Amino acid sequence: MTERIINPVTAEELVDRAKQYLQNGHRLIQICCTKTPSEMYLLYSFEKLDLTLENLRLDIQSGDTIPSISDVYFAAFLYENEIHDLYGINVSGMAVDFQGTFYETAVKQPFNIIAADMKE
Amino acid sequence: MAFNVINKTIMKSLFSKPATAMYPVIKNEFYPNTRGSIEMAKIENCSFCGICSKRCPATAIEVGKSDKKWEIDRTRCIVCNFCVQVCPKNCLNTQRSYTAPMRDKSSKLFTVYGPVVQEVASGTAAQDNPTQVETVEEDA
Amino acid sequence: MGERTIIPFGPQHPVLPEPLHLDLIMEDEKVVGAVPSIGFVHRGLEKLVEKRDFNEMIYVIERICGICSFIHGQSYAQTLEGMMGVDIPPRAKYLRTIWAELSRVHSHLLWLGLMADAYGFESLFMHCWRIREKVLDIFEETTGGRVIFSVCKIGGVWKDIDNDTLNRIKVIVKDIGEEAKAVTDVFVRDYSVQKRTRGIGVVTYQEAIDLGAVGPTLRGSGVVQDMRTLGYAAYGDLNFEPIVEKDGDCYARTVVRVREVYQSLDLIRQCIEKIPDGEVDMKVKGNPSGEYISRMEQPRGQTFYYAKGNGTKYLERFRVRTPTFANIPTLLKILPGADLADVPVLALTIDPCISCTER
């Protein structure tokens with residue numbers, strides 16, 4: 000039911016890989032950020048109209064800057080604004096930049112603090 | 000192009016009885032499966048293990064083993080039925096009637112105390128007198 | 000050259016089921032641009048996986064949204080069953096499919112009512128919701144709740160439906176189909192409704208693909224894509240075809256949803272005829288570890304679930320990407336060029352479920 004193809008990618012080749020996927024007929028499904036005590040990575044998912052799915056995994060650290068793919072896929076600006084507001088990843092060159100006001104929360108970058116860090 | 004296609008429905012509803020019920024006069028009837036509120040049906044069997052309290056997603060139940068207290072906060076309970084299903088002694092139950100609205104939060108807790116067991120010199124069965132403290136008014 | 004003014008739309012508006020804010024940049028009566036602003040219902044539910052173990056988390060995920068709540072719970076259970084390598088009994092799969100299709104019927108009837116309210120046709124709105132009450136009564140009888148069911152678990156379902164009740168549901172479903180005919184005819188054939196929906200908000204085939212639209216928004220423009228063809232739950236055994244319309248305007252999207260109501264009623268009848276006997280749940284041991292991705296079809300489109308576990312009883316990440324999040328660029332594309340009076344119809348035509356969007 001799922002193709003669990005996950006290819007690793009670096010920040011420099013991200014935009015070129017996205018252009019290749021666009022030429023092959025893939026659409027962008029989502030961009031997800033995961034932060035665990037040991038690692039932090041972004042997952043980009045692309046899907047064709049016949050429902051085959053491929054993923055790209057980009058390993059990063061908190062506070063890094065990555066290029067935006069919203070020139071290639073316009074819908075990406077929503078996901079990139081969300082990961083900027085919740086996780087603190089800087090994205091340069093978004094098509095529509097909300098500059099931190101996409102989600103206004105009382106604590107800035109709430110998902111950046113994980114439960115293992117907080118002393119309860 | 001058709002005009003006023005809704006006329007057929009309007010004519011039908013003009014001559015049939017209304018779809019809504021006159022609520023305060025005619026009360027609603029619930030089904031056997033309806034999840035209304037959680038009650039402690041058999042406090043005598045409860046072993047105060049605390050599994051229901053640890054598993055509650057809303058942290059609404061408090062269990063005290065030393066003073067044999069079982070307490071539920073009715074305003075936090077989401078009636079998901081998880082406590083009823085994991086109780087190892089099957090002493091929890093789901094009632095059909097909903098918790099009545101309350102004016103302030105002073106009566107939100109429902110507390111039940113376990114039976115007080117007294118040692119009897121002749122060795123016959125212990126005397127049960129479960130005490131039940133109800134601080135909420137239930138609507139019949 | 001008209002003067003530009005900015006008119007705020009939302010967050011409280013009678014047609015919107017959930018709060019959404021749009022700043023409309025207007026020149027006289029025509030909309031020239033729109034800036035969306037969401038975040039009114041953001042509760043940070045994805046972060047609760049760190050505090051609630053994987054068995055209790057299903058009750059949190061069900062409460063992400065009130066309209067599409069059952070399918071969120073079913074998808075969570077399905078994702079974790081895939082991660083732990085568990086295959087649930089067939090009767091549980093059929094029961095979940097019956098509840099999911101009933102959920103789709105109730106969601107589309109709710110949407111049809113709100114659409115009628117968007118162009119001012121209140122009595123049609125009330126008739127759609129009157130029919131929907133019968134579906135909610137079925138839910139209360141079989142699961143215990145009208146809106147939030149709490150009936151899925153990892154390994155199956157908590158409650159069974161016996162065969163007498165299933166036969167009664169078959170009769171009720173047939174009645175719903177007949178009663179709904181007179182009401183849905185108004186959406187499809189009436190002259191004044193067509194004046195408000197034909198030719199408004201046109202999205203072409205290529206634009207729908209480029210903007211990333213999903214669900215009836217995509218199928219109304221001629222693209223054939225339906226996640227139920229992947230064959231999860233009991234859909235592999237049922238026959239159905241994705242419903243597609245060619246025009247790409249609001250009328251086409253309304254017709255897609257109306258036809259989907261009848262298709263779901265037919266799928267429920269097929270499920271009740273084919274349901275096997277047996278038990279409905281199984282014991283699942285151990286803790287989840289690894290990653291898993293699953294995609295399902297909600298009433299509003301395609302959802303994407305990603306779960307990651309590390310062997311303890313708390314999951315590390317659970318990501319939900321809901322269909323309205325993917326349809327927002329389409330909304331921003333169809334607004335420029337529309338009249339102010341058409342804005343509620345356009346905002347509703349993508350079926351916004353904002354509390355799903357910002358969990």
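Residue numbers (numbering that gives the first Met the number 0), protein chains in the order written: chain A, 0 to 119; chain B, 0 to 139; chain C, 0 to 358.
C-beta: ideal position from N, C-alpha, C; glycine also.
On a predicted model such as this, the values are computed, not experimentally measured, just so you know.
Using only alpha-carbon positions, find the residue among the options that is nearest to residue i.
i, options, result
"B:G113", "B:N44, B:P31 and B:I5", "B:N44"
"B:R102", "B:T8, B:P31, B:T74 and B:Y30", "B:T74"
"C:F53", "C:T78, C:F39, C:I70 and C:G43", "C:T78"
"A:P66", "A:D84, A:T9 and A:V106", "A:T9"
"A:R56", "A:G99, A:R16 and A:Q98", "A:R16"
"A:V14", "A:G92, A:Q60, A:K47 and A:S61", "A:G92"
"C:G143", "B:G49, B:N32, B:S96 and B:I77", "B:N32"
"C:A232", "C:L334, C:Y75 and C:A337", "C:Y75"
"C:V255", "C:K46, C:S68 and C:V104", "C:V104"
"B:S106", "B:Q84, B:D72 and B:G35", "B:D72"
"C:N359", "C:F317, C:E80, C:V85 and C:G289", "In the structure displayed, chain C extends from 0 to 358; residue 359 of chain C sits before or after that span and is not available."
"A:L85", "A:I59, A:T35, A:F110 and A:L21", "A:F110"
"C:F120", "C:V185, C:V283 and C:D209", "C:V185"
"C:S220", "C:T228, C:E244 and C:K29", "C:E244"
"C:A179", "C:I274, C:L111, C:L21 and C:I292", "C:L111"
Do residue j and residue i have their beta-carbon atoms positioned less than 9 Å apart in this structure?
i, j, result
"A:L50", "C:M226", "yes"
"C:G200", "C:D248", "yes"
"C:Y313", "C:E49", "yes"
"C:R413", "C:E357", "In the structure displayed, chain C extends from 0 to 358; residue 413 of chain C sits before or after that span and is not available."
"C:I147", "C:E61", "yes"
"C:I333", "C:T311", "no"
"A:T33", "A:L41", "yes"
"A:E53", "A:Y102", "no"
"C:I97", "C:C270", "yes"
"C:L19", "C:P35", "yes"
Can you have a look at residue i and say buried or exposed, based on whether 16 or more other CB atoms are within 10 angstroms of its CB?
i, result
"C:E17", "buried"
"C:L266", "buried"
"C:D350", "buried"
"B:K26", "exposed"
"B:C104", "According to the sequence as given, residue 104 of chain B is Lys; it is not Cys. That one is exposed."
"B:L13", "exposed"
"C:R51", "buried"
"C:A306", "buried"
"C:R167", "exposed"
"C:T329", "buried"
"A:S37", "exposed"
"C:G336", "exposed"
"B:F81", "buried"
"B:P17", "exposed"
"B:Q126", "Any reading at B:Q126 needs caution, since the residue's pLDDT is 43, under 50, leaving its predicted position unreliable; the model's value is listed next. The residue in question, B:Q126, is exposed, as its Cβ has fewer than 16 Cβ neighbours within 10 Å."
"C:P287", "buried"
"C:R197", "exposed"
"B:A120", "Low local confidence applies: a pLDDT of 48 at B:A120 is under 50, so the model's placement there is unreliable, with the coordinate-based value given in what follows. B:A120 should be labelled exposed."
"A:L48", "exposed"
DSSP state of residue i, grouped into three classes?
i, result
"C:G235", "helix"
"C:Q11", "coil"
"A:I112", "coil"
"B:C45", "coil"
"C:A346", "helix"
"A:K18", "helix"
"A:P66", "strand"
"C:I292", "strand"
"C:L314", "strand"
"C:I359", "With chain C covering only 0 through 358, there is no way to say anything about residue 359 of chain C."
"B:K53", "helix"
"B:G63", "strand"
"B:V135", "Per-residue confidence for B:V135 stands at a pLDDT of 43, beneath the threshold of 50, marking its modelled position as unreliable; the derived number appears in the next sentence. In this structure, B:V135 counts as coil in the three-state DSSP scheme."
"B:Q94", "strand"
"C:W110", "helix"
"B:P17", "coil"
"B:S121", "Note that B:S121 has pLDDT 45, beneath the 50 cutoff, so the model's placement of it is unreliable and the number below is only indicative. Coil, per DSSP."
"A:G99", "coil"
"A:M0", "Here the model assigns A:M0 a pLDDT of 44, short of 50, so the residue's position is not dependable, and the following value carries that caveat. Note: A:M0 maps to coil in three-state DSSP."
"C:V223", "coil"
"C:Y75", "helix"
"C:K359", "Because chain C spans 0 through 358 in this model, residue 359 of chain C falls outside it and cannot be assessed."
Exercise. Could you please tell me which residues of the stretch 63–76 of chain B, in chain order, have their CB closer than 8 Å to any CB of chain F?
Key: Chain labels in this structure do not include chain F; the protein chains are A, B and C.
Touching by the beta-carbon criterion (3+ pairs, under 8 Å), the stretch 263–280 of chain C and the stretch 84–103 of chain C
yes
* So, do the stretch 319–329 of chain C and the stretch 287–300 of chain C have three or more beta carbon pairs nearer to each other than 8 Å? -> yes
At a cut of 8 Å, does the stretch 337–354 of chain C reach the stretch 0–14 of chain C through at least three beta carbon pairs? yes
Should the stretch 168–188 of chain C be called in touch with the stretch 97–109 of chain A, which here means at least 3 C-beta pairs below 8 Å?
no
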